[in-house]
Structure formats: C-alpha cells, structure tokens
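Right, one structure below, let's go through it.
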Amino acid sequence: MLNRSSGVWICVALAIGAVLFALLATNPYYTSLVVWILTNAVLASALRFVLQIGELNIATAAFFGIGAYTAAITAVLFGWPFWLTLVLAPLVAATLSALFGWVTLRAKGPYFLLISFAVTEVIRLIYTQTNAIGGNSGLVGMFPPMAIDAYYPALAVALLAATLFALYGVERSDLGRMFMAIKNNDAIPRSVGLNVVFLKVLCVVIAAAAVGLAGGLHAYANNVIAPADFTYFVAILALAYVKIGGEGHPFGPVLGAAVLTLVGQWVAGISAWENIFYGAVIVATVLAFPGGLVGLATRARSLVIRSGQ
Amino acid sequence: MSAAASAPTGGEVLLRAERLERRFGGLTAISDFSFELREGEILGLIGPNGAGKSTTFNLISGFIRPSSGRLVVMGRDVTGASAMTISRLGLVRTFQHNSLLSEMSVIDNILIGTYHHRSGHERRMEKVREVAGMTGLTDHLKAIAGNLPHGLQRMLSIAIALAAEPRILCLDEPLTGLQGAEVGAALDLFEALRTTHGLTILLVEHNMRAVMRACDRVIVLNYGRLLAEGSPEAVSRDEAVIEAYLGRGR
C-alpha cells in the first residue's frame, strides 16, 4: 500500500529525475519539452489550488502572462539582472492578484468565473494596444546569462518542481484546511471568527505567485512572448490537465499536464482538429472516469486489493 | 416590564439588543425587538414558525445587518459589525441547517474552530480532544462529518463552536431530530457548559419541554415582535403566547 510519505518521496525522485534529464539530455527539443511539461503542471496545480476554495480562476492565465511580461519588460527594456527579473515576476503577479482578488472575490461561482475571464482578456488587449511593449508581436530577446545558459532548462525544472512542492505544502497545512472549509461551507469558518474574504484572496495570491514565476521562467525558456500566448485558453487547457489527471489529488494536475502535453505534441500536427480533440477528451473523462487518471489508478488498486483478499 | 427586571440574577449584561429592526424589501422580519442576555444564564428564544428567530440569530451573530437599532456585545457597540468581529468578541453561533463541514473529518471540523486563536498544533489538538470528549465524539474523530448519525452531527456543530472558546453560545435548534435519550444528554451538556465552563447560552428551540427544563428565562417572538418574556412557567401560562401557538379558541 502506498502511504502519503512514500508518495511524496516518489515525487521527489521524479523531480530529481526531471532535473537530471534536463541537465544531461543533449537534444534541445527534449529539454524544452520537460520545461514545458513542468510549466503546464504548475499552471494546472495553481488552477486546482484556487479550486480548493471552490472557485474556477480563469485569470490564472492572466497572472502567467503578467509574470512573463514582468520578466521580459524588466530584462529587455530595462536591462535589469536575470535574478532580479525572476524575483519580480511572481512578486508583481502576486501584488496584482491581491488587488484583483480583493475586488472580485465577493462574487462566487459563475460570476467570479466570468469576471476572471473578462480580466484575462482585458489584460491581453492592453498588451496588444501598448506599442512600448511590442503590441501584437510582443517582446523578443529574453536570454538567461551566458554562464548558466547551458543549465537553464535544469534550473527552470528545479524551480518549477519546487513550486509544485510548495503548493502541496500549503495544501497540507492549516491554511489548506481553512481553504477546504471555505469550499465545503463558508458559513462555518465565518461563524468561528475566520476572515473568509482575506483567506480567499490569500489563496488566489499564492496561486498567482506560482504561475507568475512559471511565466517568468517561460519568458526566458522561449526567448519570445506575445499577447496571444496568454489568452483565457491557457486556463482552459490547465482545466483539462486538472480534470484528466484528477482533481481530487495534488498529483492529478501534474500527471494530466504530462500526459496531455505529450499527446499535444502529436495532435499539434492535426491543426484545426487539435482543440476538438482536447474538448472531446475533457468530455469523455468527466463522463467516463470523473476522478481522472489518479482516480482510475486508485479504483484499480482497491479492486486488486479486494480481489486479493 | 424591562428585560433586566425579570432576569434571574444580576449577572453582567453580555449581549444587549436595542430596538432591532430588519426589513427584507417590503417585509419586516423583526421590529422593535429589545432584549438582554446576562452572564451565566440560559435564555430561551421561542416563537411560532416564521416569527423571526433565525433572523434574530443572523442579526446578533453579524451574518446580516440590522436595518435599524443597536447591538452591544461584551460592552462594545457591534451594530453593523462583521460575523468575524462578533465571533472574536466571544459570541459564537451554530446553524439549524448545513451546520458542519460535511466533506471533512470530525478532527478537521473541530480544528477549524480553533484557528482564530494564536496557538501551536499540539495545543489545538488538545482542544479538539477536550471538546470531542464533552460532546461524545471521541470515538469518531476520523469519521467524515457527513457520514455521522444525525445526533452526532448536531453534537459536532456544537463542538465546532466550543473549539472557538466562546463566552456566549447561540444554539439554533440544537435538539431537532434527536432521540429521547440524546435530548437528555444534550440538555445535560448545556447545563455543564454553564456551570463548569461559565458559558452563557441563547437557545432557539421548538421542543417546548426541553426549553422549559433547560432555560432560566424565555422570550417569545411573534410576527417579528416581542410577545412575552419571563420564567418558563410564566410564559407557558401567558394568554397571548398560548393564542400565538394554538390560535384563538372558541
């Protein structure tokens, strides 16, 4: 039987494996694919993180973009040092998300979802209309310093994996329990003196910091960013990763991101059919195995255990 | 006659409602409602369905705001204050429906009650065990709250409130659906909370026999207004109260 701590150790081993792979693999296609998988895993995990308080935050895509633009603007336009830009990416995303959360989190469910969708698209339109940051074509030329250029994929994978563990750590903490209580029945935490609005904002801020860092790392990994990379569709794909991997388990979004990103490499060849494929997979998953891949594995294991008795 | 004059003993006033009024659109749910809750007493709040008992609970716990009137808790004016503020002053309520975190374990439910105090994990767990012991939940700590039998669910909702270490406990129909022996045990718990833990209790309840047994004093609401108040015996003989519950006879 797999208990929780052995599960964590397996994930640590997987993370170390991914870092070593990014360090040692010589084919740049594979190293950038590993970075992309981890980036998507952070996006999906951050989306699921806010689902803990029962809200679907489409603006996850916006804060990913804000992280990327922060790193790109400070690096390319201001010429600030690499490490500083990487610190600023999550910081700016978190600060703006606090403002966003404070205003919007009084709304719930479909209302919050629609507002977060609108905010994402408005921010994207601001990028396209601002010539100073490249308008529609975006920004080019974010490069890691020469000294670490060769190790950059490994660095990115390590930081992204650390972000995933940090999100997991918060979920397992007292704070995670309060988030869960808010989703389950927010009248109870209110009745015993908890500041529910503050806690909800905090949840959104933590998730935004995570995707902000991922955005900054993405800017350096890709060397070029454009407004079209940060539409609401980024969050829809993240939702697909969450649903297919399994929403009930912290490893679900990571697994979903890995599987779908790899499959995506193949369906990218079928162009217009790509989005139809993703849509079909989401619908099929939700209908056929609502627990996602992790839920499927758990069910299979309990079947094996039962038949073994 | 004022509330103070009919209070059993001259304990400190912990909660004072002055001419509370609450309107929902054109409907006036509560109007001109004044009462006091004194330290150490068990005050019953009764009235026919729709009399405004739940609205009163939502008003004094900060879940809704009064249209007019004044609310004082622990000597502080909390008119219009949030549920968080009022709860942190020491007035904690339970709920008639959806009274717990149904998808979470009993431990997690009670832990939620402890979080507004600064404290370490060990101290919190100590509190969980203490409260679980008082409410008969010791053997069910790992169970999912929604799977507990009904009687234990009612106890758990009280346990969550107790974990927040209130001075005033407001119980919204805590006996609904309990079996005979469970009612007795719950009433014993209320009495123990008052005598050994120094709690002051406001009890909304439909079970009249239990109200008569548990409460020092009873206030009766009808159509959002104070209809009567006094000792349980006096209230149960009051002509206006009998008429409100049973309708005009003959």
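Taken in sequence, the protein lines are chains B and P.
Residue numbering for the first sequence follows my numbering, beginning at 1 and increasing consecutively.
Residue numbering for the second sequence follows my numbering, beginning at 1001 and increasing consecutively.
From the three backbone atoms N, C-alpha and C, an ideal C-beta is built for every residue, glycine too.
Your pair Val1128/P and Ala1163/P checks out as a contact, with CB atoms roughly 7 angstroms apart and the cut at 8 angstroms.
Under the Cβ distance rule, Val103/B does not count among the residues neighbouring chain P, no pair being separated by less than 8 angstroms. Between the stretch 1060 to 1069 of chain P and the stretch 1133 to 1147 of chain P, the count of C-beta pairs closer than 8 angstroms stays below three; the two stretches do not touch. The beta carbons of Ala68/B and Ile206/B sit no closer together than 8 angstroms. Interface annotation for the stretch 225 to 245 of chain B against chain P: empty, criterion Cβ-Cβ distance under 7 angstroms.
Comparing C-alpha distances from Thr39/B to each of Ala158/B, Leu296/B, Met178/B and Pro145/B shows the shortest one belongs to Ala158/B. In this structure, Leu1100/P places its C-beta atom within 8 angstroms of the C-beta atom of Ile1160/P. The C-beta separation of Thr70/B from Val92/B comes to about 4 angstroms, placing the pair in contact by the 8 angstroms criterion. By the CB criterion at 8 angstroms, Gly215/B and Gly65/B fall inside the cutoff. Residue state for Asn1207/P is assigned as coil, using DSSP reduced to three classes. CA-CA distance, Glu1130/P to Arg1124/P, rounds to 10 angstroms.
Using a CB distance cut-off of 8 angstroms, Val1092/P counts as an interface residue toward chain B. Between Arg1154/P and Val1072/P, the gap from beta carbon to beta carbon reaches 8 angstroms or more. Counting along the chain, the unbroken alpha helix (DSSP H) around Glu1239/P starts and ends at Glu1239 to Leu1246.
Taking CB atoms only, Leu194/B has a neighbour in chain P less than 8 angstroms away.
For Gly1113/P, the residues of chain B that pass the 7 angstroms Cβ criterion are Val192, in the order they occur in the chain. Nearest C-alpha to Pro1174/P among Ile1168/P, Arg1167/P and Val1183/P: Val1183/P. In terms of beta-carbon proximity, Ala1143/P stays away from the interface with chain B, with every pair separated by 8 angstroms or more. Taking a cut-off of 8 angstroms on C-beta distances, the stretch 70 to 90 of chain B does not touch the stretch 188 to 203 of chain B, as fewer than three cross pairs fall below it.
Under the Cβ criterion of 8 angstroms, Asn1098/P is counted among the residues facing chain B.
When the Cα atoms are used, Met180/B and Leu199/B turn out to be separated by approximately 11 angstroms. Listed along chain B, the residues sitting closer than 8 angstroms to Ser1061/P by beta-carbon distance are Ser191.
Residue state for Val1072/P is assigned as strand, using DSSP reduced to three classes. Contact between the stretch 234 to 251 of chain B and the stretch 285 to 302 of chain B is present: three or more C-beta pairs spanning the two stretches fall below 8 angstroms.
Uninterrupted beta strand (DSSP E) stretches at least 3 residues long and entirely within the stretch 1167 to 1236 of chain P occur at 1168 to 1172, 1200 to 1204, 1217 to 1222 and 1225 to 1230, given in chain order. Membership of Thr1028/P in the beta strand (DSSP E) is indicated by the continuous run Leu1027 to Arg1038. Neighbours of Asp1108/P in chain B, taken as residues whose beta carbon is under 9 angstroms from its own, are Arg177, Met180 and Ala181 in chain order.
For the pair Ala46/B and Thr26/B, the CB atoms are not nearer than the 8 angstroms cut-off.
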